[in-house]
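Inspection log for the structure reproduced underneath, given as structure tokens.
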Amino acid sequence: MMLRHTSAGLLLWLFALTCACAAEPMVIERSATLAGIFPAEQVRALRSVLPGEQRVTWTLRLPSTSPRGVLVFVSPDAAADPPPGWDAVLDRHALVWIAARDFGNRAPSNQRVLVALMGLALARRDYVPADARRYISGMSGGGRIASMAITTFPQRFDGALYIVGADDFGKAEPARLAAIAAKRYVFLTGENDFNRREMRHVHERYRKAGVAQALLLDLPHFAHQYPGADDLERALAFLDGDMAP
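In the working numbering, the protein residues as written are 2 to 246.
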């Protein structure tokens, strides 16, 4: 059974843990403004991207075991729930899922990047341990935003999964390029994906830029779609460092 709660969900989740009742995952809705997540000096700088009074709502899915990581997801549309079939994989990898509602492809790109960073900060503050794995993913236009987020702020993430969409990060100064190259990336496309050629090109660009841990999953009979559980498992196993590119 899946439970959906308001921002009081964290207290309820902690109560469930103390009662040894956390054998099932929990879905929580959390809302916050910039000031609810970032310090005042950062809020002043970020108001030009997102109005300070605007509340953002995220869907969080807490795994059935103690969280060991977080997957920030950027959707191409208004939806924020994990795709069908993903729940068991997220549980096996003990990942908290967090995705913003109503920040699909129609929203400005800089807002979508910021909202993803807000979601990461919220999850790290309230739900995962300090040493948790930090991944970002997205589908189609959301994958492009995920690629922008991790290559602009590589110090905030450990790896990324780009699903049928990713952007080349262009030229980067040596320090940022070194930080980008130290992460792990999965590019997921397929023979019937209209973005396949671009995905393969961006993957090759990463490799030529010195990114050694970049896995291309070019799947047969796969179109512009979400992957199923088996392919998500392969992607997360690579991000976890359990398989070579």
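We treat Cβ as the ideally placed atom computed from N, Cα and C, and that holds for glycine.
Residue i, DSSP secondary structure in three states
i, result
"Gln226", "coil"
"Arg134", "strand"
"Val57", "strand"
"Gly105", "coil"
"Glu234", "helix"
"Ile146", "helix"
"Leu240", "helix"
"Ala81", "coil"
Range covered by the beta strand (DSSP E) that runs through residue i
i, result
"Ala33", "Met27 to Ala33"
"Gly171", "Gly171 -> no beta strand (DSSP E), and no H or E assigned at all."
Cβ neighbour criterion (16 or more within 10 Å) applied to residue i
i, result
"Leu233", "buried"
"Pro77", "buried"
"Ala224", "exposed"
"Ala101", "buried"
"His222", "exposed"
"Asn193", "exposed"
"Phe195", "exposed"
"Ser148", "buried"
"Pro85", "exposed"
"Lys184", "buried"
"Pro175", "exposed"
"Asp231", "exposed"
"Ser67", "exposed"
Sheet register partners of residue i (DSSP bridge)
i, result
"Trp98", "Arg62 and Leu72"
"Leu220", "Gly191"
"Gly139", "Val75 and Tyr163"
Where the alpha helix (DSSP H) containing residue i begins and where it ends
i, result
"Ser110", "Ser110 to Asp127"
"Arg45", "Ala41 to Leu47"
"Val90", "Asp88 to Arg93"
Beta carbon proximity, residue i to chain C, threshold 8 Å
i, result
"Ala80", "The question asks about chain C, but that chain is absent: this structure has only one protein chain."
task = Would you list, in sequence order, the uninterrupted alpha helix (DSSP H) runs of no fewer than 4 residues that lie entirely inside the region 150-216?
result = You should have 175-182 and 197-209.
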